[in-house]
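**Student:** Residue numbers (the working numbering): 1236 to 1522. Before anything else, here's the structure in question.
Now the structure itself:
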C-alpha cells in the first residue's frame, strides 16, 4: 500500500476505530441499552420504541451501504492506481434509481410510522378519564365522574432547595400527593392550564402534552407494570418552573379500588364541612 493510500485509509477509518474503542469503554460503565431510547412501560411508549428501532435499523443499513460504497470507490479508483475517471454529464438509469429507491424507502418507513402515530393519538374508549390542570407551580388531578380531586405539589423542604440542608434521595422528585392509576386500564388524560402554558411530561409513559389555558389536549396510557414513575413540567412557566414535578403511582387494580374508595370517603367528609357553622369546641378540637 502506498503512503498516500495509507494516509487516506487512516484518515477515513481512525475516527471509526476511536469511536469503537470509546464505545467499549462506555459499555464497561453502562449497558448499551441505557444509551438508547427507553422502552417505557405503556403501550404508547412501546409503539414509539418500536418505530424508533425500525428507523434506526433502516438508517443503519442505508448508512453502511452508502459509506461502504463510497469508501470502496475512493480506495479502488484512487489516483495512485492510475485510474482515469469517466467523463459524462448524465445517466438516466442512475437518476431514475436514486429517485425511485429513496421514494420506496420513505414509503416503507411511513407505513409503520403512521400506524404508531395513529395509536399514540387514539384516545377513544378510555376506562378512566383524568383531568390534569397546570397551575403555577403545581398540578391538579380530577377523576371525572368519581368526585375525587386534589392538588399535587412539590414536597421537598425549602432548606434542601436553598442549600441549608443535605439534599434527600428524592430531591425535587417528591410531591404531596401522587397521581394514582390502575394497571391494565386505559387512562385518558385531559390536560389544560389555569394560568400560563405548562407541559405535562412523563417519560416512561411517552406522554408529553402542553397544558394550555382554555384548551384541552388529550393523551392516554395503559400499563401492566405497577410502580412509581416521575416526570416534570417541560414548558418554562415562571420562576417556579423547576419545582413542578409529576409523580404517578401505578397500582394493581385491587389496590387502586381501595385507594379510590378511601379518596371518595375523604371527598364526602370534605363536602360535609363546606358551609358548616362550627362551634367553638369543634374548632378547638381541630386545633
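Even for Gly, the Cβ is constructed at its ideal location relative to N, Cα and C.
1) Can you list the beta strand (DSSP E) stretches of 3 or more residues lying completely in the segment 1413 to 1485, in chain order?
2) Spell out the partners DSSP gives residue 1376 in its beta bridges.
3) Quick check on the DSSP output: what are the complete alpha helix (DSSP H) runs of length 4 or more inside the segment 1267 to 1345, in order along the chain?
4) Could you check if residue 1403 is buried or exposed, using at least 16 other CB atoms within 10 Å of its CB as the buried criterion?
5) Can you list, in chain order, the residues of its chain with a C-beta nearer than 7 Å to that of residue 1498? Leave out the 5 residues immediately preceding and following it.
6) On a CA-only basis, which of 1375, 1509, 1379, 1380 is nearest residue 1388? Give me that one, please.
7) Beta carbon of residue 1418, beta carbon of residue 1364: below 8 Å?
8) Hey, residue 1453 and residue 1358 are a contact pair by Cβ (cut 8 Å); roughly how many whole angstroms apart?
9) When you compare the CB positions of residue 1409 and residue 1391, do they come within less than 8 Å of one another, or not?
10) If we count the other Cβ atoms within 10 Å of its Cβ and call it buried at 16 or more, is residue 1517 buried or exposed?
11) Taking 8 Å as the threshold, find out whether the segment 1297 to 1314 comes into contact with the segment 1468 to 1482 through three or more Cβ pairs.
12) For residue 1314 and residue 1286, what's the separation of their Cα atoms in angstroms?
13) Kindly identify the DSSP beta-bridge partner or partners of residue 1410.
14) Please state the DSSP three-state secondary structure of residue 1400.
15) Under 8 Å by Cβ, that's how I've got residue 1282 and residue 1351 pegged, so tell me the actual separation to the nearest angstrom.
16) Under 8 Å by Cβ, that's how I've got residue 1340 and residue 1293 pegged, so tell me the actual separation to the nearest angstrom.
17) What residue from 1457, 1438, 1398, 1346 has the CA that sits closest to residue 1467's CA?
18) Please state whether DSSP places residue 1513 in a helix, a strand or coil.
19) Taking 8 Å as the threshold (C-beta atoms), are residue 1470 and residue 1432 in contact?
20) Between residue 1456 and residue 1422, how many whole angstroms is the CB-CB distance? I'm expecting something under 8 Å.
21) Compute the Euclidean distance between the alpha carbons of residue 1261 and residue 1271, then round it to the nearest angstrom.
22) So, at 8 Å on beta carbons, what are the nonlocal neighbours of residue 1264 in its own chain, with the 5 sequence-adjacent residues on each side left out?
23) Given 7 Å as the limit, tell me if residue 1373 has its C-beta closer than that to any heavy atom belonging to the ligand MG.
24) Give the straight-line distance between the Cα atoms of residue 1332 and residue 1325, rounded to the nearest whole angstrom.
25) Quick one: give me the first and last residue of the alpha helix (DSSP H) that residue 1358 is part of.
26) What did DSSP end up calling residue 1487 once you bin it into helix, strand or coil?
27) What's the call for residue 1428, buried or exposed, on a 16-neighbour Cβ count within 10 Å?
**Tutor:** On the basis of the coordinates in this document:
1) You should have 1414 to 1417, 1422 to 1428, 1433 to 1437, 1442 to 1446, 1452 to 1456, 1462 to 1468.
2) The residue you call residue 1376 lines up with position 141 of the chain shown. Paired residues: 1367, 1385.
3) Segments of the alpha helix (DSSP H) lying fully in the segment 1267 to 1345: 1278 to 1311.
4) Within the chain shown, residue 1403 is the residue found at index 168, counting from 1. Exposure of residue 1403 is indicated by the presence of fewer than 16 other C-beta atoms within 10 angstroms of its C-beta.
5) What you label residue 1498 is simply residue 263 of the chain shown in a count that begins at 1. Cβ neighbours of residue 1498 beyond the five flanking positions: 1383.
6) Translated into the one-based positions of the chain shown, residue 1388 becomes position 153. With distances taken between Cα atoms, residue 1388 lies closest to 1375.
7) Taking the first residue of the chain shown as position 1, residue 1418 is located at position 183. Taking the first residue of the chain shown as position 1, residue 1364 is located at position 129. Taking the C-beta atoms as reference points, residue 1364 is found no nearer than 8 Å to residue 1418.
8) Your numbering for residue 1453 matches position 218 in the chain shown. Your numbering for residue 1358 matches position 123 in the chain shown. Indeed, because the Cβ distance is near 4 Å, the residues count as touching under 8 Å.
9) Locating residue 1409 in the chain shown gives position 174, counting from the first residue. Locating residue 1391 in the chain shown gives position 156, counting from the first residue. Taking 8 Å as the Cβ cut-off, residue 1409 and residue 1391 qualify as a contacting pair.
10) Along the chain shown, read from residue 1 onward, the residue named residue 1517 stands at position 282. Around the CB of residue 1517, fewer than 16 other CB atoms lie within 10 Å, so the residue is classed as exposed.
11) With a cut-off of 8 Å, the segment 1468 to 1482 and the segment 1297 to 1314 do not count as touching, because too few Cβ pairs lie within range.
12) In the chain shown, counting from the first residue as 1, residue 1314 sits at position 79. In the chain shown, counting from the first residue as 1, residue 1286 sits at position 51. Rounded to the nearest whole angstrom, the CA to CA distance from residue 1314 to residue 1286 is 43 Å.
13) Along the chain shown, one-based indexing puts residue 1410 at 175. The secondary-structure analysis by DSSP pairs residue 1410 across a beta bridge with 1389.
14) The residue you call residue 1400 lines up with position 165 of the chain shown. Taken through DSSP and simplified to helix, strand or coil, residue 1400 comes out as coil.
15) The count along the chain shown starts at 1 and reaches residue 1282 at position 47. The count along the chain shown starts at 1 and reaches residue 1351 at position 116. Correct: roughly 5 Å between the Cβ atoms.
16) Translated into the one-based positions of the chain shown, residue 1340 becomes position 105. Translated into the one-based positions of the chain shown, residue 1293 becomes position 58. The pair is a contact, with the Cβ atoms about 7 Å apart (cut-off 8 Å).
17) As a working note, residue 1467 is residue 232 in the chain shown. For the residues 1457, 1438, 1398, 1346, the minimum Cα distance to residue 1467 belongs to 1438.
18) Working through the chain shown from its first residue, we reach residue 1513 at position 278. Three-state DSSP puts residue 1513 in coil, outside helix and strand.
19) Sequence index remark: in the chain shown, residue 1432 carries index 197 (1-based). Sequence index remark: in the chain shown, residue 1470 carries index 235 (1-based). Yes, they are a contact pair.
20) Taking the first residue of the chain shown as 1, we reach residue 1456 at position 221. Taking the first residue of the chain shown as 1, we reach residue 1422 at position 187. Right, the Cβ-Cβ distance comes to about 5 Å (below 8 Å), so this counts as a contact.
21) The residue given as residue 1261 occupies position 26 in the chain shown. The residue given as residue 1271 occupies position 36 in the chain shown. Annotation note: pLDDT 47 at residue 1261 (below 50); position unreliable, coordinate value reported separately. About 13 Å.
22) The count along the chain shown starts at 1 and reaches residue 1264 at position 29. Residue placement at residue 1264 is flagged as unreliable, the pLDDT there being 43, under the threshold of 50; a coordinate-derived value is accordingly withheld.
23) Absent from the structure shown: the ligand MG. Ligands present: none.
24) In the chain shown, residue 1332 corresponds to position 97, counting from 1. In the chain shown, residue 1325 corresponds to position 90, counting from 1. Roughly 13 Å between the two C-alpha positions.
25) The residue you call residue 1358 lines up with position 123 of the chain shown. Premise fails: residue 1358 is in no alpha helix (DSSP H) and is neither H nor E.
26) By one-based count along the chain shown, residue 1487 stands at place 252. Three-state DSSP puts residue 1487 in coil, outside helix and strand.
27) As a first step, residue 1428 must be located in the chain shown, where it is residue number 193. Under a 10 Å Cβ-count criterion, residue 1428 is classified as buried, with 16 or more other Cβ atoms of the shown protein chains found around its own Cβ.
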